[in-house]
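Each remark here refers to the structure printed beneath this line.
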Amino acid sequence: MAKYTGGQVLTDSIEGLKKKKFTLATMTFFIYCACAGGAFGIESMISAAGPGLTLLLLVLIPFLWGLPIGLYSSELSNLAPVESGPYVWMKMAYGEFWGFSMGWWIVLANYLTGAAYVVLAVDYMGMFFTMTPAIAFALKAAIIIIFTIINLRGLEEVSIASTIFSIIILIGFAAVTFVGFANWQYSPIDPFMASGQDALSSWGVGIAVGIWMYCGYICISFLGGELENQEILPKGMKLGIFIIALSYILPTFAGIVSTGPWYDWGTSIDYSTVLTQHVGTWAGMAFMIVAVVGQCAIFNAAITAASRSFMVLAEDNLCPRFLAKLSKNTKVPVWAILLLGAINLILVNMNFEILVTILSPVLFVLYVGLAFAFVKIRKTHPVELRGDLYYVKGGKLAEIYICGGPLLLGLVGMLVNGTEYFLLGFIGIFFVVPLYIILKPVYGGFNKRDPEQFPLNPKTKLAPGDITRFGIFCLIFGVICFFGSFWLVFYEGSWGPEYYLATYGSGLMSDFWAMIGVARWAGAAMLIVGAVLALVGKKADPIPKEDY
Numbered sequence: 004m005a006k007y008t009g010g011q012v013l014t015d016s017i018e019g020l021k022k023k024k025f026t027l028a029t030m031t032f033f034i035y036c037a038c039a040g041g042a043f044g045i046e047s048m049i050s051a052a053g054p055g056l057t058l059l060l061l062v063l064i065p066f067l068w069g070l071p072i073g074l075y076s077s078e079l080s081n082l083a084p085v086e087s088g089p090y091v092w093m094k095m096a097y098g099e100f101w102g103f104s105m106g107w108w109i110v111l112a113n114y115l116t117g118a119a120y121v122v123l124a125v126d127y128m129g130m131f132f133t134m135t136p137a138i139a140f141a142l143k144a145a146i147i148i149i150f151t152i153i154n155l156r157g158l159e160e161v162s163i164a165s166t167i168f169s170i171i172i173l174i175g176f177a178a179v180t181f182v183g184f185a186n187w188q189y190s191p192i193d194p195f196m197a198s199g200q201d202a203l204s205s206w207g208v209g210i211a212v213g214i215w216m217y218c219g220y221i222c223i224s225f226l227g228g229e230l231e232n233q234e235i236l237p238k239g240m241k242l243g244i245f246i247i248a249l250s251y252i253l254p255t256f257a258g259i260v261s262t263g264p265w266y267d268w269g270t271s272i273d274y275s276t277v278l279t280q281h282v283g284t285w286a287g288m289a290f291m292i293v294a295v296v297g298q299c300a301i302f303n304a305a306i307t308a309a310s311r312s313f314m315v316l317a318e319d320n321l322c323p324r325f326l327a328k329l330s331k332n333t334k335v336p337v338w339a340i341l342l343l344g345a346i347n348l349i350l351v352n353m354n355f356e357i358l359v360t361i362l363s364p365v366l367f368v369l370y371v372g373l374a375f376a377f378v379k380i381r382k383t384h385p386v387e388l389r390g391d392l393y394y395v396k397g398g399k400l401a402e403i404y405i406c407g408g409p410l411l412l413g414l415v416g417m418l419v420n421g422t423e424y425f426l427l428g429f430i431g432i433f434f435v436v437p438l439y440i441i442l443k444p445v446y447g448g449f450n451k452r453d454p455e456q457f458p459l460n461p462k463t464k465l466a467p468g469d470i471t472r473f474g475i476f477c478l479i480f481g482v483i484c485f486f487g488s489f490w491l492v493f494y495e496g497s498w499g500p501e502y503y504l505a506t507y508g509s510g511l512m513s514d515f516w517a518m519i520g521v522a523r524w525a526g527a528a529m530l531i532v533g534a535v536l537a538l539v540g541k542k543a544d545p546i547p548k549e550d551y
């Protein structure tokens, strides 16, 4: 690695990209659409955690989760303004294997979750009129085709759509806020926590939902190579987080105090109910249109981010090259966008519960991993040499804050999201290891680009030190899996067996103790394999000193 001497690095790593200058408003609205698209989802948090705790967590989580992610995304995007930012940052910090892992975790998350928003949009439409399965699929296909075309036209059209959608959504939730506060009837903190639950359970459920609501702040970093004015990103990120927090807190507060009972939120009561009860049926119906717009807004931004996920991976010879090919006129990754559209047409016909189950722990690992990459890059690229580039002030305290908040909430979120989420999530986490072993030799990886700087281990045909890295990988996740199984017995053991049997009926996920056994034995196996690989690798395939 060349010694850092100052300024931006890796600029224009993808040739031919069309640059766009974002205003503060367009940047903020894109972030709003990518990360929020409205407060939909918080309804279930109210009944699960309790009204008072919900409001407290909506205030705390932005500071412990959303803001740290927004800050490191802003700093690293200014240092390395490239497409597929999170992949690039991880490879800068920890090398090819960990960069590859981050890149494919992001691909998995982006490609599999986008279609969920299409399904939700059509579900909201189903509240207006009855539709056959054929009509439902036709509407899903229409949404996918429309937003695929918008993304093929370029970033300018995407940003315009995001601005329009954001204004519509914010007006809708502003109406809920105004009407709710005007009809104040209930206490916002009575009860503080859901009745019948202990404090630990209430906090756990609330944190799990709250973390999900404040995800997405790295989406703008996928467009780093297309932003002409990177300096606007920190301002847009901070303003976006502030607006998102307010758009969650105010209408939720107003809804709780005006429309009850609180325990029916997420089932028979939602934000549209506030307008239906206190204004009229027409107002509730109008808000349901806002709900459809909200899901379309997130889907539009999701296509933009997801289609850039492959670009630098392809340039680094870690996936097919055609996925980085740009269209001649609009300079967008045309094949990646079309592939995403085709995959979405398939996924909207599937059950998304399993997909979301697998992806939730992947997202926690992704965000926490990037926080540690942020700290490592500060050592290799000192902020003192960056000149006028934006960076987070505060030195070591800032690093502790940016790592500590996501690590704390990430671990809590992984351990309280449910045993099935915890167990199946490791499928999404571990699939990168066999995928790397397959794709690295097939496409060549870094070695194909620069054999001298990135030699191969002649025995493994992988990068030097990869055996040791595999060992570290297994040890990290083996610890979480093994000791997490004991925590889950403490956390869910009193009610878990009955709950999972009633929820799933049959199969592995219906048997709480079987899932615990799988997690425990799999964790133990990972620890043993990890220890063996680390010891063997230390002697036969050590990590090069320059990688530390």
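If you read the sequence shown in our numbering, its first letter stands for residue 4, the second for the next number, and so on.
Cβ atoms here follow ideal geometry from the backbone N, Cα and C, with glycine treated the same way.
As the structure is a computational prediction, the values presented were derived from the model and not from experiment.
| request: Please confirm whether Phe515 and Gly499 have their CB atoms less than 9 angstroms apart. | output: For the purposes of this step, residue 515 is taken as residue 512 along the sequence shown, with counting starting at 1. For the purposes of this step, residue 499 is taken as residue 496 along the sequence shown, with counting starting at 1. Yes, they are a contact pair.
| field | Residue range of the unbroken alpha helix (DSSP H) whose run includes Tyr120 | value | Residue 120 sits at position 117 when you count from the first residue of the sequence shown. Start and end: Glu99 to Met128.
| query | The alpha helix (DSSP H) spanning Phe225 covers which residue range? | reply | Within the sequence shown, residue 225 is the residue found at index 222, counting from 1. Here Phe225 belongs to no alpha helix (DSSP H), and DSSP marks it neither H nor E.
| field | Where Lys464 falls: helix, strand or coil (DSSP) | value | As a position in the sequence shown, residue 464 is number 461, starting the count at 1. In the structure shown, Lys464 sits in coil (DSSP, three-state: anything other than H, G, I, E or B).
| field | Thr279 - containing alpha helix (DSSP H), residue span | value | Residue mapping note: residue 279 aligns to position 276 of the sequence shown, counting from 1. Element bounds for Thr279: Tyr274 to His281.
| task | Would you check if there are 3 or more beta carbon pairs closer than 8 angstroms linking the region 132-140 to the region 416-427? | result | no
| message | Can you look up Phe336 in the DSSP assignment and give me helix, strand or coil? | response | Locating residue 336 in the sequence shown gives position 333, counting from the first residue. For the record, residue 336 in the displayed sequence is Pro; it is not Phe. DSSP places Pro336 in strand when its eight states are reduced to three.
| Glu318 versus Pro336: straight-line alpha-carbon distance, rounded | Counting from one through the sequence shown, the residue named residue 318 turns up at place 315. Counting from one through the sequence shown, the residue named residue 336 turns up at place 333. Answer to the nearest angstrom: the Cα atoms are 13 angstroms apart.
| query | Near Phe184, which residues of its chain fall below 6 angstroms by C-beta distance, leaving aside the five closest residues on each side in sequence? | reply | Taking the first residue of the sequence shown as 1, we reach residue 184 at position 181. Result list for Phe184: Ala257, in chain order.
| Considering Lys541, what are the terminal residues of the alpha helix (DSSP H) in which it resides? | Position 538 of the sequence shown, counted from the first residue, corresponds to residue 541. Counting along the chain, Lys541 sits inside the alpha helix (DSSP H) bounded by residues Phe515 to Ala543.
| Pick from Gly413, Lys382 and Ala543 that is closest to Lys399, judged by C-alpha positions | Counted from its first residue, the sequence shown places residue 399 at position 396. When only C-alpha atoms are compared, the closest one is Lys382.
| Assuming Val161 contacts Thr307 under a Cβ cut-off of 8 angstroms, what Cβ separation, rounded to an integer in Å, is found between them? | Numbered from 1 along the sequence shown, position 158 holds the residue referred to as residue 161. Numbered from 1 along the sequence shown, position 304 holds the residue referred to as residue 307. Indeed they touch by this definition, with Cβ atoms about 5 angstroms apart.
| request: Rank Val521, Met48, Ile483 and Cys299 by C-alpha distance to the C-alpha of Ala164 and give the top, closest one. | output: As a first step, residue 164 is located in the sequence shown; it is residue number 161 there, counting from the start. Ranking the options by Cα distance to Ala164, first place goes to Cys299.
| query | So, are the CB atoms of Ile405 and Pro65 less than 9 angstroms apart? | reply | Numbered from its first residue, the sequence shown carries residue 405 at position 402. Numbered from its first residue, the sequence shown carries residue 65 at position 62. No, the pair does not count as a contact, with Cβ atoms beyond the cut-off.
| said: Using the three-state DSSP reduction, which class does Glu159 fall into: helix, strand or coil? | reply: Taking the sequence shown and counting its residues from 1, the one referred to as residue 159 is at position 156. In this structure, DSSP gives Glu159 a helical state, which the three-state scheme calls helix.
| field | Contact check, Tyr494 vs Gly207, beta carbons under 9 angstroms | value | As a working note, residue 494 is residue 491 in the sequence shown. As a working note, residue 207 is residue 204 in the sequence shown. Yes, the pair counts as a contact, with Cβ atoms nearer than the cut-off.
| Whose CA, out of Ala119, Tyr393, Phe476 and Ala286, lies closest to the CA of Leu82? | Here residue 82 refers to the residue found at position 79 when the sequence shown is read from its first residue. With distances taken between Cα atoms, Leu82 lies closest to Tyr393.
| task | Just mark Asp126 as buried or exposed, buried being the case when its beta carbon has 16 or more other beta carbons within 10 Å. | result | Locating residue 126 in the sequence shown gives position 123, counting from the first residue. It counts as exposed.
| task | Check whether the Cβ atoms of Tyr274 and Ala42 sit closer than 9 angstroms, and answer yes or no. | result | Position 271 of the sequence shown, counting from 1, holds the residue named residue 274. Position 39 of the sequence shown, counting from 1, holds the residue named residue 42. Cβ atoms of Tyr274 and Ala42: closer than 9 angstroms.
| request: Identify whether Lys2 lies in helix, strand or coil by the three-state DSSP scheme. | output: The requested residue 2 does not occur in the structure, where the chain is confined to residues 4 to 551.
| task | Counting only the same chain and skipping the five closest in sequence on each side, list residues whose C-beta sits under 6 angstroms from that of Gly106. | result | If you number the sequence shown from 1, residue 106 lands on position 103. Excluding positions up to five away in sequence, the list reads Tyr90 and Leu316.
| Extent of the continuous alpha helix (DSSP H) to which Asn450 belongs | Within the sequence shown, residue 450 is the residue found at index 447, counting from 1. Taken as a continuous stretch (DSSP letters only), the alpha helix (DSSP H) holding Asn450 covers Gly448 to Arg452.
| said: Output needed for Ile259: all residues of its chain with C-beta closer than 7 angstroms, excluding positions within five of it in sequence on either side, in chain order. | reply: As a first step, residue 259 must be located in the sequence shown, where it is residue number 256. For Ile259, the CB contacts under 7 angstroms within the same chain, skipping 5 residues up- and downstream, are Ile49, Pro54, Tyr189, Pro191 and Trp265 in chain order.
| query | Would Cys218 pass as a contact of Cys38 if the rule is Cβ separation under 9 angstroms? | reply | Walking along the sequence shown from the start, residue 218 turns up at place 215. Walking along the sequence shown from the start, residue 38 turns up at place 35. Taking 9 angstroms as the Cβ cut-off, Cys218 and Cys38 qualify as a contacting pair.
| message | If you reduce the DSSP assignment to three classes, tell me which class Glu387 lands in. | response | Within the sequence shown, numbered from 1, the residue matching residue 387 stands at position 384. Of the three classes helix, strand and coil, the one that applies to Glu387 here is helix, per DSSP.
| message | Which residues does DSSP list as the beta-bridge partners of Leu329? | response | By one-based count along the sequence shown, residue 329 stands at place 326. Paired residue(s): Pro336.
| In chain order, each alpha helix (DSSP H) run of at least 4 residues that lies wholly inside the region 285-323 | Counting only runs of at least 4 residues, the region 285-323 fully encloses the following alpha helix (DSSP H) elements, listed from N- to C-terminal order: 314-318.
| Is it right to say Thr26 is buried, meaning 16 or more other beta carbons lie within 10 angstroms of its own, or is it exposed? | Position 23 of the sequence shown, counting from 1, holds the residue named residue 26. Exposed, because fewer than 16 other Cβ atoms sit within 10 Å of the Cβ of Thr26.
| request: Could you tell me whether any non-hydrogen atom of the ligand SAH is closer than 8 angstroms to the CB of Ser509? | output: This structure does not include the ligand SAH; it has no bound ligands of any sort.
| message | At the level of alpha carbons, what is the spacing between Phe100 and Phe449? | response | The count along the sequence shown starts at 1 and reaches residue 100 at position 97. The count along the sequence shown starts at 1 and reaches residue 449 at position 446. Between Phe100 and Phe449, the C-alpha separation is close to 10 angstroms.
| said: Tell me the rounded alpha-carbon separation between Val122 and Ile45. | reply: The residue you call residue 122 lines up with position 119 of the sequence shown. The residue you call residue 45 lines up with position 42 of the sequence shown. Distance between the alpha carbons of Val122 and Ile45: 18 angstroms.
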